[in-house]
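Novice: Can you read through this structure? Questions will come right after.
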Amino acid sequence: MKTETIYLEDLEASIARGCTAPHCTHEHHGPVTKLYLHASCHPHAGVDVCFETGSGQLAITCRTCHRPIINVGVATDPAGRN
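Residues in the sequence shown are numbered from 10 upward in steps of one, following this note's numbering.
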């Protein structure tokens, strides 16, 4: 999967666009103030999050078909703590 940097402003803009869950009636939540990642292929299936040593990223995939949703880059600790 191609890795692309996502910035704080990108996430804030996603929230501002509102709920994007397919077939959501929006009755169970109020104004959208949080971003939830779900698979567009199987929105109610849940997700798997995997970190492989040395990869530098969390891979988030659909629990049903394992289609990639997003890869999240993980930064090293600038203080050098273990």
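Each residue gets a CB set at the ideal place from its N, CA and C atoms; glycine is no exception.
Per DSSP, what are the beta-bridge partners of Asp57 in this structure?
Specialist: Stepping through the sequence shown from its first residue, residue 57 is reached at position 48. For Asp57, which the question treats as bridged, DSSP gives the partners Thr70.
Novice: Determine which residues share a DSSP beta bridge with Phe82 and list them.
Specialist: Reading the sequence shown from its first residue, position 73 is the one you call residue 82. In the sequence as displayed, the identity of residue 82 is Gly instead of Phe. Looking at the DSSP assignment, Gly82 forms a beta bridge with Gln66.
Novice: Start and end of the alpha helix (DSSP H) containing Val22?
Specialist: Counting from 1 along the sequence shown, the entry for residue 22 is found at position 13. It is Ala, not Val, that sits at residue 22 in the sequence shown. Per DSSP, Ala22 belongs to the alpha helix (DSSP H) from 17-25.
Novice: For Gly82 and Glu61, I'd like the C-alpha separation in whole angstroms.
Specialist: Position 73 of the sequence shown holds residue 82. Position 52 of the sequence shown holds residue 61. Cα to Cα, Gly82 sits roughly 12 Å from Glu61.
Novice: Of all the options Thr85, Ala54, His51, which has the alpha carbon lying nearest to the alpha carbon of Gly124?
Specialist: There is simply no residue 124 to check, as the chain begins at 10 and stops at 91 in what is shown.
Novice: By alpha-carbon positions, which one of Pro87, Ser49, Ala88, Gly89 ends up nearest to Cys71?
Specialist: As a position in the sequence shown, residue 71 is number 62, starting the count at 1. Cα-wise, what sits closest to Cys71 is Ser49.
Novice: What did DSSP end up calling Pro87 once you bin it into helix, strand or coil?
Specialist: Mapped onto the sequence shown, residue 87 falls at position 78. Reduced to three states, the DSSP call for Pro87 is coil.
Novice: Roughly how many angstroms lie between the CA atoms of Val56 and His47, to the nearest whole one?
Specialist: The count along the sequence shown starts at 1 and reaches residue 56 at position 47. The count along the sequence shown starts at 1 and reaches residue 47 at position 38. Looking at the two C-alpha atoms, the distance is approximately 7 Å.
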